[in-house]
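Right, one structure below, let's go through it.
Numbering (our numbering), first residue to last: 286 to 449.
Here you go:
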């Protein structure tokens, strides 16, 4: 078992027992018909990547192609609410969970999930994953239109962002 107590000023690491955030995202997405998880190893330390994922008000809207803005409206521990504005001006209210290395947001019509964990193979690299798309109301399903392409774009933008 690994010591999971962060050094002062560092970002808490995922718990060693159970699933890491990326594996958890894959497990949750497996229960959503049409969901596709895009995974990429980013050449940046976990402590650099995680604050970007956690910055819903600033960074997330720059990463997700169809999002013009996102504003956190409530946070109670790891439970959050946010309002997003899409490229075409449509608004969506999200309920979600934000933890170190983990963001899961659901609205009536949209789903966004992002996760990060330290790379198991390369020091100072981070494994990141994204899923998201348009939900089918009343069903655990996403419309499978361009889900993989959107994931590649999100993770590409994240990689550019951490590269400086």
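No residue lacks a Cβ here, since even glycine has one placed at the ideal position from N, Cα and C. Note that the structure is a prediction, hence the values are computed from the model and not measured.
Query	Result
Beta-carbon spacing of residue 325, residue 412 below 9 angstroms	yes
Cβ distance (whole Å) where residue 402 is taken to contact residue 305 below 8 angstroms	4 angstroms
Same chain only: Cβ atoms within 7 angstroms of residue 433, ignoring 5 sequence neighbours per side	321, 323
Secondary structure of residue 377, DSSP reduced to three states	strand
Three-way DSSP call (helix, strand, coil) for residue 303 in this model	coil
Burial state of residue 416 (16 or more Cβ within 10 Å)	buried
Residue 447 vs residue 367 beta-carbon contact at 9 angstroms	no
Reduced DSSP secondary structure (H/G/I, E/B, other) of residue 449	coil
Inter-residue CB distance, residue 392 and residue 378 (contact presumed, cutoff 8 angstroms)	6 angstroms
C-alpha gap between residue 365 and residue 356, whole angstroms	11 angstroms
Three-way DSSP call (helix, strand, coil) for residue 335 in this model	helix
Collapsed DSSP secondary structure at residue 290 in the structure displayed	Any answer about residue 290 is weak, because its pLDDT of 41 lies below 50 and its placement is not dependable; what the coordinates show is given next. Residue 290: coil per DSSP, three-state reduction.
Neighbour-count burial assignment, residue 338, 16 or more Cβ in a 10 Å radius	buried
Supposed close pair residue 372, residue 351 - CB separation, criterion 8 angstroms	5 angstroms
DSSP-derived helix/strand/coil call for residue 443	helix
Alpha-carbon to alpha-carbon, residue 407 and residue 292	Note that residue 292 scores 49 on pLDDT, short of 50, meaning its location in the model is unreliable and no value can be drawn from it.
As assigned by DSSP and simplified to three states, the class of residue 318	strand
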